[in-house]
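This report refers to the structure that appears directly beneath it.
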Amino acid sequence: MNPSNSFKEKLLIDKEKILSSKTNSVIRSRFDKIINEPAKSGLLKNKTFLIKDNIAIKNEPLSCASNILKSYISPFSATVIDRIENEGGIILGQTNCDEFAMGSSSEYSIHGPVKNPHNLNLVAGGSSGGSAAAIAENLADIALGSDTGGSVRQPAAFCGIYGLKPTYGRISRYGLVAHASSFDTIGIMSKKIDDIYKTFNVIAGKDKKDATSIDIKINNYEPIKNLTLPESIGVIKEDVLKELNNEIAERYSFLVDYLKNNNVAIHEIDLPLFKYCIPTYYVLTMAEASSNLSRFDGVRYGNRADSENLSELYVKSRTEGFSDEVKRRIMTGTYVLSSGYYDAYFSKALKVRRLIKDGYSNLLKKYDNLLLPSTPDLPFSLGNSLDNPLKMYLADMFTVPMNLAGIPSLNIPAGSSSDNLPIGLQIVGNAFKEETLFSFAHILEKEEIFENI
């Protein structure tokens with residue numbers, strides 16, 4: 084049957100909201116295609132979705148916010164798209180992002196920068212900033228993004244919504260354009276934790292099209308009952324807390340006190356090899372990106388530059404097709420993989436990654452969860468950090484470790500600053516224990532502990 088009249092009215096309202104949005108978060112809509120599509124029953128019936136522009140939707144453009152793919156149309160859908168649609172979810176359109184998901188501000192895009200809905204002069208975070216801003220604006224119920232080093236959680240924090248990075252391998256990456264294959268995960272964003280929980284139940288699970296997906300059974304969705312806080316949580320030490328924005332630190336301490344008052348055992352921890360996480364992450368991800376992006380050469384698909392010969396075709400297509408930030412990462416990645424530098428940089432970074440992973444594994448054997456800030460600072464001004472890539476990279480200092488370790492974490496909206504800017508905190512769990520994150524977030528949502536601070 085066709086969508087009900089009331090749901091059609093909702094779609095038309097959503098269309099109008101997207102058209103009138105000033106954040107530049109949604110770059111393409113599909114209303115003409117979906118308005119008369121037969122409705123499907125399922126766990127996600129009539130839930131509306133927006134999808135980051137690096138996740139394939141059949142017969143739709145897939146540009147990754149890059150000139151090199153600006154005219155590319157995907158011939159297939161990602162596994163997550165098929166699973167959402169099979170359970171009744173409605174795909175409204177695609178969201179803006181940093182080019183090839185490389186950035187922390189959603190400013191590196193051929194579609195222009197994404198603006199924060201709480202203040203249009205500020206960034207929405209990145210690289211999934213379009214998805215985060217769209218959810219914060221109520222343009223859809225749920226959005227998908229990708230998280231390689233914080234690209235779901237950091238913009239979720241900047242926009243004041245929930246953002247889940249699942250365990251690596253929990254959700255199929257088939258149809259996600261690769262940035263750094265051993266780090267990339269598809270993540271979920273929403274204003275409601277139950278919508279994230281439902282979507283996770285639908286899209287998680289083994290996929291024969293993705294050899295890295297893990298065959299661990301997902302329990303059938305049931306509303307979370309008998310909510311309980313964890314028995315023990317690891318928290319950062321005072322000296323790390325002092326490095327944060329004051330209002331983020333205050334909100335963090337407020338939540339720690341709430342947990343203490345509710346009989347949760349609080350333990351101060353040293354974050355494993357914390358100062359090495361950012362350099363390790365960027366050595367490895369840039370190396371993987373330089374390999375993954377070698378396929379975009381103007382020959383097989385994507386934008387093709389006018390040229391006299393094959394060598395010139397490669398050079399001109401890639402020079403014209405990639406932005407400065409993507410070129411910077413490709414060149415750095417090629418450098419660390421080159422003869423003479425592989426052992427000095429890439430090989431050592433792999434060893435440090437293993438130590439970081441082991442460190443978090445040991446912590447999560449001692450404590451049920453870890454509580455971290457999502458970001459060290461509040462959203463920053465548009466254009467403020469474009470000429471300072473190192474500053475941009477450091478914005479992910481609290482999110483990158485979870486990607487290095489492959490463990491799940493969830494940004495939880497923790498109210499607003501004195502300037503009405505969102506603050507986010509991050510709950511971290513053991514591998515394949517996402518349900519502990521959902522339970523924790525459900526309690527905070529139910530208790531509304533940040534509502535009246």
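Quick note, the sequence shown lines up with residues 84 to 536 if you use my numbering.
All C-beta atoms in this analysis are idealised placements derived from N, C-alpha and C, irrespective of residue type, glycine included.
Residue i (DSSP reduced to helix, strand or coil)
| i | result |
| --- | --- |
| residue 84 | Bear in mind that a pLDDT of 42 at residue 84, under 50, signals an unreliable position, so the model cannot answer this. |
| residue 473 | helix |
| residue 505 | strand |
| residue 162 | helix |
| residue 221 | coil |
| residue 482 | coil |
| residue 515 | coil |
| residue 403 | helix |
| residue 466 | coil |
| residue 456 | strand |
| residue 168 | helix |
| residue 105 | coil |
| residue 348 | strand |
| residue 419 | helix |
| residue 175 | strand |
| residue 386 | coil |
| residue 338 | helix |
| residue 461 | coil |
| residue 211 | coil |
Which listed residue (the options) has its alpha carbon closest to that of residue i
| i | options | result |
| --- | --- | --- |
| residue 164 | 303, 176, 119, 439 | 176 |
| residue 227 | 255, 233, 271 | 271 |
| residue 497 | 512, 458, 475, 87 | 458 |
| residue 109 | 120, 352, 213 | 213 |
| residue 464 | 199, 104, 95, 115 | 199 |
| residue 405 | 229, 135, 192 | 192 |
| residue 295 | 280, 442, 261, 326 | 261 |
| residue 329 | 502, 182, 402, 273 | 502 |
| residue 269 | 444, 162, 507, 530 | 162 |
| residue 484 | 472, 437, 500 | 437 |
Beta strand (DSSP E) segment containing residue i, residue limits
| i | result |
| --- | --- |
| residue 499 | 492-499 |
| residue 134 | 131-135 |
| residue 206 | 202-206 |
Residue-level contact to chain D via CB, residue i, 7 Å cutoff
| i | result |
| --- | --- |
| residue 167 | No chain D appears in the structure shown, which is made up of a single protein chain. |
Residue i, enclosing alpha helix (DSSP H) - first and last residue
| i | result |
| --- | --- |
| residue 531 | No alpha helix (DSSP H) contains residue 531, which DSSP labels as neither H nor E. |
| residue 371 | 357-375 |
| residue 434 | 431-449 |
| residue 239 | 236-242 |
| residue 117 | 114-117 |
TODO: Evaluate the contact criterion for the region 186-198 versus the region 466-483: three or more CB pairs, one atom per stretch, below 8 Å.
DONE: With a cut-off of 8 Å, the region 466-483 and the region 186-198 count as touching, because enough Cβ pairs lie within range.
Open item on the list: Counting beta carbon pairs with one atom in the region 168-186 and one in the region 124-138, are three or more of them shorter than 8 Å?
Closed with: Three or more Cβ pairs closer than 8 Å define a contact, and the region 124-138 meets that threshold against the region 168-186.
Open item on the list: If contact is defined by three or more beta carbon pairs under 8 Å, each pair taking one atom from either stretch, is the region 482-495 in contact with the region 515-530?
Closed with: With a cut-off of 8 Å on Cβ pairs, the region 515-530 is in contact with the region 482-495, counting three or more such pairs.
Open item on the list: Under 8 Å, with one C-beta from each stretch per pair, do the region 472-489 and the region 346-365 reach the 3-pair mark?
Closed with: The region 472-489 is in contact with the region 346-365.
- [ ] Please confirm if the region 424-437 is in contact with the region 200-218, defined as three or more CB-CB distances below 8 Å between the two stretches.
- [x] Contact between the region 424-437 and the region 200-218 is absent, with fewer than three C-beta pairs closer than 8 Å.
Task: contact_flag[the region 347-359, the region 416-424] where n(CB pairs < 8 Å) is 3 or more - done: Verdict: no, contact absent.
- [ ] Please go through the region 252-333 and give each complete alpha helix (DSSP H) segment of 4 or more residues, from N-terminal end onward.
- [x] When DSSP assignments are scanned along the region 252-333, the uninterrupted stretches of alpha helix (DSSP H) that are 4 or more residues long and fall wholly within it turn out to be 276-286, 321-324.
Open item on the list: Check whether the region 304-320 and the region 250-259 are in contact - that is, three or more C-beta pairs closer than 8 Å.
Closed with: By the Cβ criterion, the region 304-320 is not in contact with the region 250-259, since fewer than three pairs of Cβ atoms, one from each stretch, lie closer than 8 Å.
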